[in-house]
Structures are given as structure tokens and as C-alpha cells.
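K.L.:
In this note's numbering, the protein residues as written are -1 to 78. A virtual CB, placed ideally from N, CA and C, is assigned to each residue, including glycine. No experiment lies behind these values; they were computed from the predicted model shown. Before we start, here is the structure in question, set down as C-alpha cells.
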Ligand SMILES: [Zn+2]
């Protein structure tokens, strides 16, 4: 849902005119231009996902050797 720029009432996304006050919605005049915004947002989301995945990889690189060391020490202690 989006809102009428004149009266603020909820109107359908594809509505050219407000159903309440009957005024034309200026956002609908540039339908082709609005299609570029979702792709830009998707690119930002993918960048954020890549940043998060990098943090996960870094954390794994730091945590895995520690786990191996702890398991190795535990095995050595058990074998004594
Ligand atoms: Zn309105």
C-alpha cells in the first residue's frame, strides 16, 4: 500500500487517482522510472549479504583453529 499525497488515505499501488479525494497521484506519472529503484535496493541488499558472509567466513577462520586446538588438547588429555 501507499498513501495519497493530498489526503494521506491508503490507495492501491497501481491507482492513478485517489479513491477518496479523486486527485491524480504524481508518482504514477513516472512508472518506468520507479522500476529502477527496486534493483538499486536489491544491489544494496546483496552487498550487505556479502558483507555479512565475509564476517561469517572471518569468524569461522578464527573459531575453527581454536576448536581444533581444544579438541586436540582434549584427545591428548584423554589418552594420558
Ligand atoms: Zn486523496
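Note down the Cα distance separating residue 76 from residue 41, rounded to an integer number of angstroms.
P.N.:
For the purposes of this step, residue 76 is taken as residue 78 along the chain shown, with counting starting at 1. For the purposes of this step, residue 41 is taken as residue 43 along the chain shown, with counting starting at 1. Looking at the two C-alpha atoms, the distance is approximately 51 Å.
K.L.:
Comparing alpha-carbon positions, which option in 62, 0 and 63 lies nearest residue 10?
P.N.:
Position 12 of the chain shown holds residue 10. Nearest of 62, 0 and 63 to residue 10, Cα basis: 0.
K.L.:
Helix, strand or coil for residue 9? Go by DSSP, reduced to three states.
P.N.:
For the purposes of this step, residue 9 is taken as residue 11 along the chain shown, with counting starting at 1. Strand, per DSSP.
K.L.:
Considering only the alpha carbon of each residue, which of 24, 6 and 73 lies closest to residue 89?
P.N.:
Here the chain comprises residues numbered -1 to 78, so residue 89 is not present and cannot be evaluated.
K.L.:
What is the rounded straight-line gap between the Cα of residue 13 and the Cα of residue 54?
P.N.:
By 1-based counting over the chain shown, the position of residue 13 is 15. By 1-based counting over the chain shown, the position of residue 54 is 56. C-alpha separation (whole angstroms): 43 Å.
K.L.:
Taking 7 Å as the line, does the beta carbon of residue 21 fall inside it for any heavy atom of ligand 1?
P.N.:
Reading the chain shown from its first residue, position 23 is the one you call residue 21. Flag set: Cβ of residue 21 near ligand 1.
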